[in-house]
Every structure is written in structure tokens, then in C-alpha cells.
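In what follows, a single structure is set out as C-alpha cells and then discussed.
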């Protein structure tokens, strides 16, 4: 199913938000997802 990754990313984002953690995932149109570094 082509929506499987989208569903899991949504679950991960909700779980991170529930624990007050930042969302390191960024959606890149026509490519997918990128995990950004949390270090500044």
C-alpha cells in the first residue's frame, strides 16, 4: 500500500508531540521525508 509510510510517519509525529519532543521529520514534495538534525 502506498500510504503505509505516511501512516507510520503520522503515528511517529503524534507520539513525539505527546512526549513534547521536536519533530525531526520534514516532508519533501515529490521525494518523501527527510530527517533533520536536532543539533544547533
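Numbering (our numbering), first residue to last: 1024 to 1063.
Positions of the beta carbon are idealized from the N, C-alpha and C atoms, including for glycine.
A quick note: this is a predicted structure, and the numbers were derived from the prediction, not measured.
Tell me where the alpha helix (DSSP H) around residue i begins and ends.
i	result
residue 1036	1027 to 1041
Quick check on the DSSP output: the beta strand (DSSP E) that includes residue i runs from which residue to which?
i	result
residue 1049	1048 to 1051
At the 8 Å Cβ level, is residue i part of the contact set with chain B, yes or no?
i	result
residue 1024	Structure shown: chain B not included; a single protein chain is present.
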